[in-house]
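Accompanying notes for the structure given below.
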Amino acid sequence: MSKILTQILYEQDYHLWLETTLKQLQERDLEHLDWDYLIEEIERLGNEQQHNLESYLLQLLKHLLLYQHWSLPECKNHWEVEIDNFRVELRKLAKSKNLYNYLLTVLEEVYIECATTSKKEKWIELFSANLSLYSVS
Numbered sequence: 001m002s003k004i005l006t007q008i009l010y011e012q013d014y015h016l017w018l019e020t021t022l023k024q025l026q027e028r029d030l031e032h033l034d035w036d037y038l039i040e041e042i043e044r045l046g047n048e049q050q051h052n053l054e055s056y057l058l059q060l061l062k063h064l065l066l067y068q069h070w071s072l073p074e075c076k077n078h079w080e081v082e083i084d085n086f087r088v089e090l091r092k093l094a095k096s097k098n099l100y101n102y103l104l105t106v107l108e109e110v111y112i113e114c115a116t117t118s119k120k121e122k123w124i125e126l127f128s129a130n131l132s133l134y135s136v137s
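Our numbering puts the sequence shown at residues 1 to 137.
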């Protein structure tokens with residue numbers, strides 16, 4: 001497939017482009033691979049996974065803070081379920097050693113972002129800066 005046809009396929013029928021690229025990879029047809037878009041997609045996939053990890057981590061920390069500082073029992077029950085859900089999703093992503101290591105590098109930054117947001121939104125009046133309270137394991 002020519003480079004122009006591949007570009008058109010990528011822009012107009014992404015799913016077919018994926019199928020075609022996968023078939024070319026499986027057949028070791030390196031000569032016809034759309035290298036530029038393949039590289040772009042792999043980079044995008046990695047960035048998307050990192051973004052998802054940061055998002056789940058932020059939501060986990062936010063709900064842990066809400067859970068710790070909120071007194072209404074009906075809210076706490078909901079937050080317990082949410083906390084469990086975010087932990088499950090984080091564990092799934094962190095099975096990848098690279099994403100686990102990424103998690104360790106962004107944990108403090110995401111925690112600070114969560115703390116800053118919580119103060120601005122005033123949904124937590126008292127805030128504890130002890131990172132050890134908020135384990136993702």
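By construction, the Cβ of each residue, glycine as well, lies at the ideal position given by its N, Cα and C atoms.
Nearest to residue i (by Cα), restricted to the options the options
i      : options                     : result
Val88  : Leu65, Tyr56, Tyr14         : Tyr56
Tyr138 : Arg28, Leu5, His63, Trp17   : Here the chain has residues from 1 to 137 only, and residue 138 is not among them.
Leu60  : Leu45, Leu103, Arg28, Thr21 : Leu103
Cutoff 6 Å; reference residue i; Cβ partners in own chain excluding five residues on either side
i     : result
Asn85 : none
Leu66 : Trp79
Coarse secondary structure for residue i, derived from DSSP in three states
i      : result
Trp70  : coil
Ser118 : helix
Lys95  : coil
Arg28  : coil
Trp84  : Here residue 84 turns out to be Asp, not Trp, going by the sequence shown. Asp84: helix per DSSP, three-state reduction.
Leu16  : helix
Exposure of residue i, with buried meaning 16 or more beta-carbon neighbours within 10 Å
i     : result
Ile83 : buried
Asp34 : buried
Beta-carbon proximity list for residue i, same chain, < 7 Å, skipping 5 on both sides
i     : result
Asn52 : Leu93
Ignoring anything shorter than 4 residues, give me the alpha helix (DSSP H) runs that lie fully in the stretch 34–72, in order along the chain.
With a minimum length of 4 residues, the continuous alpha helix (DSSP H) runs that stay inside the stretch 34–72 are 35–69.
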